[in-house]
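Let me begin by presenting the structure, written as structure tokens, before commenting on it.
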Amino acid sequence: MSTIRVVHYLNQFFVGLGAEAHAGTGPGKKAGAVGPGIALQQALGEGAQVVATVYCGDNYANERENAIDAILELVSEERPDILIAGPAFASGRYGLVCGALCVRAQDALGIVAVTGMHPDNPGTDLYRSKVHIARTRKSAAGMGEAVKAMARLALKLYEHEPLGTPQEEGYISTGRRVHFVAEQTAARRAVDMLVKKVSGQAYATEWPAPSYSQAQPAPPLLDLAHAKLALVTTGGVVPRGNPDRLESAYASKWLTYPIGDLDNLERRDWQSIHGGFDTTNVNEDPNRMAPLDALRELEHEGAFQDLADELYTTTGNTAAIPTARRFAQEMLKELRANDVQGVILTSA
Amino acid sequence: MAKEFEAAGMPVAYLTTLDGLARSVGAPRIVRGKAITNVAGDPNLRPSDERALRKELINKALKALTTRVNEPTTFD
Numbered sequence: 079m080s081t082i083r084v085v086h087y088l089n090q091f092f093v094g095l096g097a098e099a100h101a102g103t104g105p106g107k108k109a110g111a112v113g114p115g116i117a118l119q120q121a122l123g124e125g126a127q128v129v130a131t132v133y134c135g136d137n138y139a140n141e142r143e144n145a146i147d148a149i150l151e152l153v154s155e156e157r158p159d160i161l162i163a164g165p166a167f168a169s170g171r172y173g174l175v176c177g178a179l180c181v182r183a184q185d186a187l188g189i190v191a192v193t194g195m196h197p198d199n200p201g202t203d204l205y206r207s208k209v210h211i212a213r214t215r216k217s218a219a220g221m222g223e224a225v226k227a228m229a230r231l232a233l234k235l236y237e238h239e240p241l242g243t244p245q246e247e248g249y250i251s252t253g254r255r256v257h258f259v260a261e262q263t264a265a266r267r268a269v270d271m272l273v274k275k276v277s278g279q280a281y282a283t284e285w286p287a288p289s290y291s292q293a294q295p296a297p298p299l300l301d302l303a304h305a306k307l308a309l310v311t312t313g314g315v316v317p318r319g320n321p322d323r324l325e326s327a328y329a330s331k332w333l334t335y336p337i338g339d340l341d342n343l344e345r346r347d348w349q350s351i352h353g354g355f356d357t358t359n360v361n362e363d364p365n366r367m368a369p370l371d372a373l374r375e376l377e378h379e380g381a382f383q384d385l386a387d388e389l390y391t392t393t394g395n396t397a398a399i400p401t402a403r404r405f406a407q408e409m410l411k412e413l414r415a416n417d418v419q420g421v422i423l424t425s426a
Numbered sequence: 166m167a168k169e170f171e172a173a174g175m176p177v178a179y180l181t182t183l184d185g186l187a188r189s190v191g192a193p194r195i196v197r198g199k200a201i202t203n204v205a206g207d208p209n210l211r212p213s214d215e216r217a218l219r220k221e222l223i224n225k226a227l228k229a230l231t232t233r234v235n236e237p238t239t240f241d
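Which chain is which? The protein sequence lines are A and B, in order. Heads up: the first sequence begins at 79 in this note's numbering, then just goes up one per residue. Heads up: the second sequence begins at 166 in this note's numbering, then just goes up one per residue.
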């Protein structure tokens with residue numbers, strides 16, 4: 079059997095060029111295994127060889143358009159069977175490059191690609207459903223175990239061996255559901271788990287509840303009487319007829335509509351196209367979702383200075399968290415440009 | 166979205182009927198709405214009473230915007 083050809087990708091630091099001062103280094107290549115690649119070679123064993131180490135500075139790779147293409151070209155020249163990128167541990171810029179490069183290697187070169195990251199690395203959110211990411215520690219103190227996990231995953235994927243669960247194999251959950259027949263019924267497993275829990279024994283949940291990061295709350299408005307506010311809704315409120323075709327679920331966009339001259343949202347002019355609840359009541363009176371009438375009244379009474387002239391709207395139904403975050407970031411730019419200091423956000 | 170706004174320094178009064186969910190995902194300033202199908206209203210009320218309810222909800226939202234919070238807080 080011929081030797082499996084492996085290319086290893088590292089950033090400027092791990093390839094030995096230097097730390098932050100060298101993060102602008104462009105793409106390059108060294109023959110064979112370098113730095114952590116030496117341990118990776120050991121973990122791969124004799125059947126696979128690290129034929130080259132491709133590298134790039136983290137800033138260069140993130141900032142330059144086409145940087146990933148240039149790195150991929152260096153990888154492609156080696157005609158590899160496998161690409162192993164990183165591990166990036168908790169380093170965000172490095173993780174984003176590793177994830178992007180692995181996706182491109184899989185798609186464009188049709189090869190096996192594996193990387194490694196700590197679950198906090200922002201690269202995991204973006205790429206875990208597309209690439210197998212070995213779960214690592216936060217820092218390079220975990221290098222030994224990380225390269226072993228990446229090597230094991232890569233070889234298994236290359237040989238088309240079925241992978242076990244993320245826990246068994248040490249990778250970050252890809253979100254794929256795999257069917258299997260359990261030995262016990264769900265009722266039995268649930269009772270067993272409960273008994274273990276109440277008696278203080280170790281137990282493993284079959285479906286971990288998602289955990290959410292805490293947001294640092296913004297400071298409060300100190301002078302509401304002079305503050306400009308904006309009305310934002312995820313209730314799918316649009317002009318009647320939905321002229322811009324806002325989706326009723328999985329919204330791909332957010333929209334703004336002028337409300338500066340309006341004292342309320344008239345039913346003949348506005349509606350909700352939200353697909354996640356019965357919109358009858360909102361369509362009867364759209365202020366029930368986007369409470370413009372009450373806001374206008376309080377504005378006139380001087381409770382606050384001014385309401386922004388635009389209604390910011392999208393559909394929250396089945397929105398993915400990364401999409402919602404992007405919408406908020408995009409809206410923030412406009413809100414700031416319009417001197418908005420606080421937001422009333424409404425949803426179902 | 167509320168968290169993203171807040172983390173960027175923009176206070177948000179989040180009016181939602183699913184206030185428990187909003188708390189568990191960590192939205193900082195929450196105002197509990199009336200119902201999923203009419204978060205800022207109530208078709209069972211007379212129009213003038215419904216208008217008063219809506220104004221009361223917005224007043225709670227304004228209170229939320231002017232109050233310092235350190236963790237998910239519901240303004241009732």
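Note that beta-carbon positions come from the ideal geometry of N, C-alpha and C, so glycine has one too. None of the values given here were measured: they were computed from a predicted structure.
Any Cβ of chain B closer than 7 Å to the Cβ of Arg366 of chain A would place that residue at the interface, and such an atom is present. Of the other Cβ atoms in all chains shown, fewer than 16 fall within 10 Å of the Cβ of Thr81 of chain A; this residue is therefore exposed. In the DSSP annotation of this structure, the continuous segment of the alpha helix (DSSP H) that includes Gln119 of chain A starts and ends at 114 to 122.
Shown here, Val129 of chain A sits in a strand according to DSSP, grouped into three states. Judged by DSSP in its simplified three-state form, Met271 of chain A adopts helix. Straight across, the Cα-Cα distance linking Ala205 of chain B with Val256 of chain A is about 42 Å. With contacts defined by Cβ atoms closer than 7 Å, Thr202 of chain B and Phe167 of chain A do not form a contacting pair. Assignment of Glu325 of chain A by DSSP, reduced to helix, strand and coil, places it in the coil class. In this structure, Ile195 of chain B sits away from Leu376 of chain A, with a CB-CB distance that is not shorter than 7 Å. For the stretch 348 to 362 of chain A, residues whose beta-carbon sits nearer than 8 Å to a beta-carbon of chain B comprise Phe355, Asp356, Thr357, Thr358, Asn359, Val360, Glu362.
Per DSSP, Thr401 of chain A lies in no beta strand (DSSP E); the unbroken alpha helix (DSSP H) holding it starts and ends at 399 to 415.
Among the residues of the stretch 394 to 417 of chain A, those with a Cβ less than 7 Å away from any Cβ of chain B are Ala402, Arg403, Phe405, Ala406, Gln407, Leu410, Leu413, in the order of the chain. The stretch 178 to 225 of chain B contains, as complete alpha helix (DSSP H) runs of 4+ residues, the segments 184 to 190 (chain order). Here DSSP, grouped into helix, strand and coil, assigns Phe170 of chain B to helix.
Annotation for Arg171 of chain A: the continuous alpha helix (DSSP H) segment containing it runs 170 to 182. For Met195 of chain A, the enclosing beta strand (DSSP E) has its first and last residue at 190 to 195. The way I'd put it, the stretch 296 to 314 of chain A does touch the stretch 381 to 388 of chain A; three or more beta-carbon pairs between them come closer than 8 Å. The beta carbon of Ala232 of chain A sits closer than 7 Å to those of Ile160, Ile162, Val190, Val192, all from its chain and outside the five residues before and after it, given in chain order. By the criterion of at least three beta-carbon pairs nearer than 8 Å, the stretch 283 to 298 of chain A is not in contact with the stretch 403 to 412 of chain A. Contact annotation: in the stretch 216 to 233 of chain B, residues whose CB is within less than 8 Å of a CB in chain A are Arg216, Arg219, Lys220, Leu222, Ile223, Asn224, Ala226, Leu227, Leu230, Thr231, Thr232, Arg233.
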